[in-house]
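Written below as structure tokens is the structure these notes are about.
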Amino acid sequence: MRRFTATANDEGVRLSRFVLSVTRGLPTSLLYKSFRNKRIKVNGKRAAPDARLAAGDVVELYINDEFFPAQPDARPQKPAKPRQPNVQVVYEDENIAVLYKPAHLLCHSDRTGDANLVDAFTQYLTDKGEYAPGGENRFAPALCNRLDRGTEGLVIAAKNYAALRDMNELIRTDRLRKEYYTITVGIPPRGRFTAWWEHDEQANKVSIHARPDQAGRRKQIVTDVDVLRTAGPYALCKIGLVTGRTHQIRAHLAYLGRPVLGDVKYGNRKANERAGARTQALCAVRLTFLEIPEGNTLRYLAGRVIKLKDPQILRQFDALDKSKPSGPA
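Going by full-length UniProt numbering, the sequence shown opens with residue 1, and the numbers climb by one from there.
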């Protein structure tokens, strides 16, 4: 028998999901057989698979040892991970943190093994004593949204399961507004623009169209564009995402004929070379929380605006303004 005590990070988690998280290789058939045979208990009593845990609940699992990971002292020692870069925290409370991600830093780990924001955030919480790797039953610090590697700006991170669940719900139901700064090659028109977006997942590239297709593969996108400043052929723009889809800003501006400076996938290669732009000039600068319904643990964020001070993209535009290059080819 193994005994686990639910922590605050397990609050609201389905019991069946919790059991799968603390076991290894447990077949689904055996999981539900264990429920039927009263081999899974909460606080000494039989519990249903869809029961929701509360912090402090004691979960007893009368399941064979082969379905549990080895005890820590029996595990082979893994080489220590390289220390992650320090994170810049723009906002923080007991549930979430809003972090600054510089350009070129990954949000999540990939096959390159390069440093990434979620591991850096985990290290930050570990150093503060708010998270103990291997000490949590289920939850690990997680990001609620992501930015492309070449994009800088604000990323929301969750400290517990309830925050992750409820922040994802706010994003899914459009209760969070995101604003970006970008530098475009050419001066775009101002206004709200609607188009139709289609994603080629194999190539990880999207195409933008004037109208939907009969097959229903294209999804509507809506992008707000406001020009803040101009410098010769370049414009510093504020972008509001009414919808939020992969590469929406970069692809939509390219469709409008005013691509993002430094964008190698959708942009103007000659203009990028002439400006010496090595990465896309795009930055997530502002988050605005709209009305949040009762029952959401993050309701206290309603009406809050979180802004990034002094983003790198403003200094990049100032340099372009001083150089006043000739128009793009």
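For every residue, glycine included, the Cβ atom is placed at its ideal position computed from N, Cα and C.
On a predicted model such as this, the values are computed, not experimentally measured, just so you know.
**Asked** Distance, Cα to Cα, Asn86 vs Leu154?
**Response** 15 Å
**Asked** With burial defined as no fewer than 16 other Cβ atoms inside 10 Å of the residue's Cβ, what is the status of Tyr234: buried or exposed?
**Response** buried
**Item:** Host alpha helix (DSSP H) of Glu273 (start-end)
**Value:** 269-275
**Item:** Rounded C-alpha distance that separates Tyr131 from Ser16
**Value:** 24 Å
**Message:** Using only the alpha-carbon positions, how far apart do Glu11 and Pro49 sit?
**Reply:** 15 Å
**Request:** Counting only the same chain and skipping the five closest in sequence on each side, list residues whose C-beta sits under 7 Å from that of Cys107.
**Result:** Lys101, Asn116, Leu117, Val118, Leu143, Arg146, Leu147, Val155
**Request:** Taking Glu169 as part of the alpha helix (DSSP H), name the residues at either end of that continuous run.
**Result:** 161-172
**Request:** State the start and end residues of the unbroken beta strand (DSSP E) segment that holds Gln220.
**Result:** 219-231
**Prompt:** Which of helix, strand or coil does DSSP assign to Val155?
**Reply:** strand
**Prompt:** Taking the C-alpha atoms as reference points, what is the distance between residue 330 and Leu105?
**Reply:** Here the chain comprises residues numbered 1 to 329, so residue 330 is not present and cannot be evaluated.
**Prompt:** If you count every other CB in all the chains shown that lies within 10 Å of the CB of Ala329, and 16 or more means buried, which is it?
**Reply:** Its pLDDT being 46, under 50, Ala329 is placed unreliably by the model, and the measurement read from it follows with that caveat. Exposed.
**Request:** For my contact list, Trp196 and Arg211 are in at a C-beta cut-off of 8 Å; report their separation, rounded to the angstrom.
**Result:** 6 Å
**Per-residue DSSP class, three states only, for Tyr98** = One detail in the question is off: residue 98 reads as Val in this sequence, not Tyr. Reduced to three states, the DSSP call for Val98 is strand.
**Asked** If Val206 sits next to Thr223, beta carbons under 8 Å apart, how far is it from one beta carbon to the other, in whole angstroms?
**Response** Wrong, their Cβ atoms sit about 13 Å apart, outside the cutoff.
**Prompt:** Rounded C-beta distance between Leu164 and Leu298? I'm assuming under 8 Å.
**Reply:** With 8 Å as the limit, Leu164 and Leu298 do not qualify as a contact, their Cβ atoms being about 10 Å apart.
**Best match in Asn37, Ala8, Phe67, Ala55 for proximity to Val19 [C-alpha to C-alpha]** = Phe67
**Request:** In angstroms with no decimal places, state the Cα-to-Cα distance between Ala254 and Gly267.
**Result:** 7 Å
**Rounded Cβ spacing between Phe317 and Arg258 (contact assumed at less than 8 Å)** = Between Arg258 and Phe317 the Cβ distance is about 15 Å, and since that is not below 8 Å, they are no contact.
**Prompt:** Is it buried or exposed for Glu152, if we count other Cβ within 10 angstroms and need 16 for buried?
**Reply:** buried
**Request:** State the DSSP-derived secondary structure class of Lys178, mapped to helix, strand or coil.
**Result:** strand
**Asked** Nearest-angstrom Cα distance between Gly240 and Asp127?
**Response** 36 Å
**Prompt:** For Leu320, which residues from the same chain have a beta carbon less than 6 Å from its beta carbon, with the 5 sequence-adjacent residues on both sides left out?
**Reply:** Ala231, Tyr234
**Request:** Return helix, strand or coil for Tyr32, following the three-state DSSP convention.
**Result:** helix
**Message:** Just to confirm the assignment: which complete beta strand (DSSP E) runs, minimum length 3, are found wholly within the segment 287-325?
**Reply:** 305-307
**Nearest neighbour of Ala162, chosen from Asn9, Thr5, Leu290 [CA to CA]** = Asn9
**Prompt:** So what's Glu201 in DSSP terms, helix, strand or just coil?
**Reply:** coil
**Item:** Runs of beta strand (DSSP E) wholly within the segment 112-141 (minimum 3 residues, chain order)
**Value:** none
**Message:** I need the DSSP call for Ser21, collapsed to helix, strand or coil.
**Reply:** helix
**Message:** Which residue wins for smallest C-alpha separation from Asn37, given the options Tyr62, Ser21, Gly44?
**Reply:** Tyr62
**Message:** At the level of alpha carbons, what is the spacing between Asp65 and Thr7?
**Reply:** 23 Å
**Prompt:** Identify the residues that DSSP records as bridge partners of Gly191: which are they?
**Reply:** Val225
**Prompt:** Looking at the unbroken beta strand (DSSP E) that takes in Tyr91, where does it start and where does it end?
**Reply:** 88-92
**Message:** Helix, strand or coil, according to DSSP, for Tyr255 in the structure here?
**Reply:** helix
**Request:** For residue 332, collect the residues of the same chain with a Cβ closer than 6 Å to its Cβ; drop the 5 residues on either side in sequence, then sort them by chain order.
**Result:** In this structure the chain extends from 1 to 329, so residue 332 is not present and cannot be described.
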